[in-house]
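There are 2 protein chains.
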Amino acid sequence: MNDRRREPQNVSLADIAAKAGVSVSTVSRIANGALRRASPATVEKVQRLIAEFGYSPNPVGRSLRGGESRLIAMLAPNLDNPAMAAIAASTEAALRDAGYVMILCDTHDEPDLQDEYLRAMRSRFVEGFVLVSAVASRELEAAVGRADPIVFVNRRSPYGGLAFVGIDNRQAGADAADHLIACGARRPAAVHPEDLSLTIRDRVEGFIERFEARTPGARVRRFSGAGKNHLDAGYSAASALGGKEDWPDAVLCPSDLMAYGLYKAASERGVRIPDDCIPIGIDGNALNAWIAPWLSSVSVPYSDFGARIVDCLKGVKTGLDVGEVLLEHRLVLKPS
Amino acid sequence: MNDRRREPQNVSLADIAAKAGVSVSTVSRIANGALRRASPATVEKVQRLIAEFGYSPNPVGRSLRGGESRLIAMLAPNLDNPAMAAIAASTEAALRDAGYVMILCDTHDEPDLQDEYLRAMRSRFVEGFVLVSAVASRELEAAVGRADPIVFVNRRSPYGGLAFVGIDNRQAGADAADHLIACGARRPAAVHPEDLSLTIRDRVEGFIERFEARTPGARVRRFSGAGKNHLDAGYSAASALGGKEDWPDAVLCPSDLMAYGLYKAASERGVRIPDDCIPIGIDGNALNAWIAPWLSSVSVPYSDFGARIVDCLKGVKTGLDVGEVLLEHRLVLKPS
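As they're listed, the protein sequences go chains V and P.
Counted the way the numbering used here counts, the first sequence spans residues 1 to 336.
Counted the way the numbering used here counts, the second sequence spans residues 1001 to 1336.
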């Protein structure tokens, strides 16, 4: 079956319609991702046949909104966040390989701007959306309702289980805890931004749960920090850790940028990193090896995201339920 | 006159054609940036009248290639270079304010990919191009020949004096020399990538010229480094500086990423930065204040680029000769 799917046969909409006992236009709608107008049983049957025959819709008829634009819009919260830039770069390359052109839109993590870009892109006939760290918003809810082709990245859809590419953030937090336990940490803390996204919450909770489960009597302190970005939030949260004597012996920073913020706060207080306090980040920023050799980090394989995002997008556009793709993170130790 | 230009009057193509004594279609072509089919004298006369009356072409007729797409393509060499990300972020915001949508394309600094994107974007009816650190390529030469609306950023056009937004790179190098002289440097070096762009060459030459002019008998050593990016090139060039005793007492790094590369090479040799060797970068990367507190840098105002790029693009699209816009750089000292 898998081999058949990989080598699509010369099957038409009409063949699938005949097999399913439904109209050609019903198959067309389902193949193009519009799942609302047919019954769940019909959708399920048609999707199964599409998968079985490896049918892929005629590109010219592919877009719901007229013609083939070959444009895909990526909406991301902050282009100048290195993690976002890494996801954008790998997705751009993968889309180009697949014959698409990526339009990149910076939502600044704001629902209003996300809505503005969703509207603008829709009116420009994009064939699909990649939403990195999406926030809940009116237009997004409408797009999900229309079954527009969307792949969510980093943060899951706020409107239920749709296509998602990311890592197991809870597990990443747990792995960070295992590392700090192996380093001998006994009085750890976790810092995070005041506005807690689902991604960050999972990392922090996974860390705390694992650390406390493996270390009887230990209690992980939590500190949140304000700021327009993770650098500021890390600095602000670390500034709340107290005087030099009160500092924890290890800190989970749920992003490397937060660890950079913590580093500055530590320097200002005479807390030596990593001698007095061992931080662990999550991201695996490429700059760590160059100018932050004090930082171990759970590395997220952002450069692998692009190819998986494009796979999911292709699946979603043919009406398949692609579900979640969780990529492997791995611990990258600081140079010893 | 300036006030008139800022408050456009209700002037038509026909008014300008009558004043200039040419046909309406000639004015239309010139207003839309197609300057090849009229004589230089006519172009000059019509452009002067357009500027004087503040005429701006009807948006619907604006694109040479049919219809109004409101799409602008930015081609940049590397999205994961923080300087590129900063330029992209500020340009995206300025274009959005002006009612445009930016398509971002990563050329990876390769002529073939630059050509592929120029073709692809042209076929998608973009209304203008922003070329960041462009390289010479066949399609670019053709686009310049057609007088397509293009603004060059960071690196000037390889095909003569067109619209450009950047800094005075020679002066930035000279200012870096003044700083190191003030720090007491006597045996300086300059590092740079093996492939020397015009931007980097100007910075390095401006540095050497100023240092040697102000310090009788001094000779600035030059070291080039290989690598796919400035981190690697900085590391590789610094590795050629010799043993700890041979290291210079100060180094010009023509980008902050090169300084990060140098920092790692110095650490591996026991050269203390900045005690044994004072580096100075050019960029003003926002991360310096957080995790590279040893680095002073000539800061390039990337966040101001966007608004100026959009101004130039508007000018170019109305056929104006906007020339060069040089923004002010400034020295940002490391925390003392």
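Note that beta-carbon positions come from the ideal geometry of N, C-alpha and C, so glycine has one too.
Contact set for residue i: own chain, Cβ-Cβ below 6 Å, skip 5 residues either direction
i: residue 77 of chain V; result: 107, 109, 133
i: residue 1315 of chain P; result: 1322
i: residue 240 of chain V; result: 223
i: residue 307 of chain V; result: 94
i: residue 221 of chain V; result: 189
i: residue 244 of chain V; result: 269, 270, 271
i: residue 1082 of chain P; result: 1285
i: residue 1200 of chain P; result: 1192, 1254
i: residue 129 of chain V; result: 73, 150
Residue i - containing beta strand (DSSP E), residue span
i: residue 1105 of chain P; result: 1101-1106
i: residue 1324 of chain P; result: 1324-1327
i: residue 331 of chain V; result: 330-332
i: residue 166 of chain V; result: 164-167
i: residue 1131 of chain P; result: 1128-1132
i: residue 1251 of chain P; result: 1250-1252
i: residue 1283 of chain P; result: 1278-1283
i: residue 1297 of chain P; result: 1296-1299
i: residue 152 of chain V; result: 150-153
i: residue 1073 of chain P; result: 1071-1076
Presumed contact (8 Å Cβ cut-off) between residue i and residue j, rounded CB distance
i: residue 195 of chain V; j: residue 169 of chain V; result: Actually they do not touch by this definition, with Cβ atoms about 16 Å apart.
i: residue 1205 of chain P; j: residue 1184 of chain P; result: About 23 Å separates the two Cβ atoms, so there is no contact after all.
i: residue 75 of chain V; j: residue 105 of chain V; result: 5 Å
i: residue 284 of chain V; j: residue 297 of chain V; result: 5 Å
i: residue 1111 of chain P; j: residue 1136 of chain P; result: 7 Å
i: residue 159 of chain V; j: residue 141 of chain V; result: 6 Å
i: residue 1079 of chain P; j: residue 226 of chain V; result: Incorrect: roughly 29 Å between the Cβ atoms, too far for contact.
i: residue 1231 of chain P; j: residue 1257 of chain P; result: 5 Å
i: residue 261 of chain V; j: residue 1290 of chain P; result: 7 Å
Residues of its chain near residue i, where Cβ-Cβ distance is below 7 Å and the 5 sequence neighbours each way are ignored
i: residue 1006 of chain P; result: Residue placement at residue 1006 of chain P cannot be trusted, given a pLDDT of 33 that sits under 50; what the coordinates show is reported in the next sentence. Taken in chain order, the list of residues that qualify is empty.
i: residue 1338 of chain P; result: The requested residue 1338 of chain P is not part of the displayed model; chain P covers only 1001 to 1336.
i: residue 1152 of chain P; result: 1131, 1134, 1162, 1163, 1164
i: residue 19 of chain V; result: 49
i: residue 273 of chain V; result: 263, 266, 279, 294
i: residue 1324 of chain P; result: 1164
i: residue 1102 of chain P; result: 1072, 1074, 1091, 1092, 1095
i: residue 1247 of chain P; result: 1241, 1271, 1276, 1277
i: residue 98 of chain V; result: 310
i: residue 1014 of chain P; result: 1024
8 Å Cβ cutoff, residue i in contact with chain C
i: residue 306 of chain V; result: In summary, chain C is missing from the structure at hand, where the protein chains are V and P.
Spatial neighbours of residue i in its chain, beta-carbon cut-off 8 Å, leaving aside the 5 residues before and after
i: residue 46 of chain V; result: 16, 20, 22, 26, 27, 30, 31, 38, 319
i: residue 1214 of chain P; result: 1177, 1178, 1181
i: residue 1328 of chain P; result: 1167, 1301
i: residue 304 of chain V; result: 90, 327
i: residue 1293 of chain P; result: 1334, 1335
i: residue 1299 of chain P; result: 1283, 1284, 1329, 1330, 1331, 1332
Limits of the unbroken alpha helix (DSSP H) element including residue i
i: residue 30 of chain V; result: 24-31
i: residue 293 of chain V; result: Residue 293 of chain V -> no alpha helix (DSSP H), and no H or E assigned at all.
i: residue 312 of chain V; result: 302-317
i: residue 1111 of chain P; result: 1111-1123
i: residue 1145 of chain P; result: 1138-1145
i: residue 1256 of chain P; result: 1256-1269
i: residue 1082 of chain P; result: 1082-1097
i: residue 336 of chain V; result: Unbroken run through residue 336 of chain V: none, as it is neither H nor E.
i: residue 1237 of chain P; result: 1230-1239
i: residue 1015 of chain P; result: 1013-1020
When you compare the stretch 1109-1120 of chain P with the stretch 112-123 of chain V, are there three or more beta-carbon pairs, one atom per stretch, that lie closer than 8 Å?
These segments do not touch.
Taking 8 Å as the cut-off, does the stretch 297-313 of chain V touch the stretch 162-178 of chain V (at least 3 CB pairs, one atom from each stretch)?
yes
Whether or not the stretch 1248-1260 of chain P and the stretch 1279-1299 of chain P are in contact is what I'm after, with contact meaning three or more pairs of Cβ atoms, one per stretch, closer than 8 Å; do they touch?
yes
Does the stretch 209-217 of chain V come within contact of the stretch 230-240 of chain V, defined as at least 3 CB pairs closer than 8 Å?
Not touching, per the Cβ criterion.
Runs of beta strand (DSSP E) lying entirely within the stretch 1185-1228 of chain P, each at least 3 residues, in chain order:
Here the runs fully enclosed are 1188-1193, 1221-1225.
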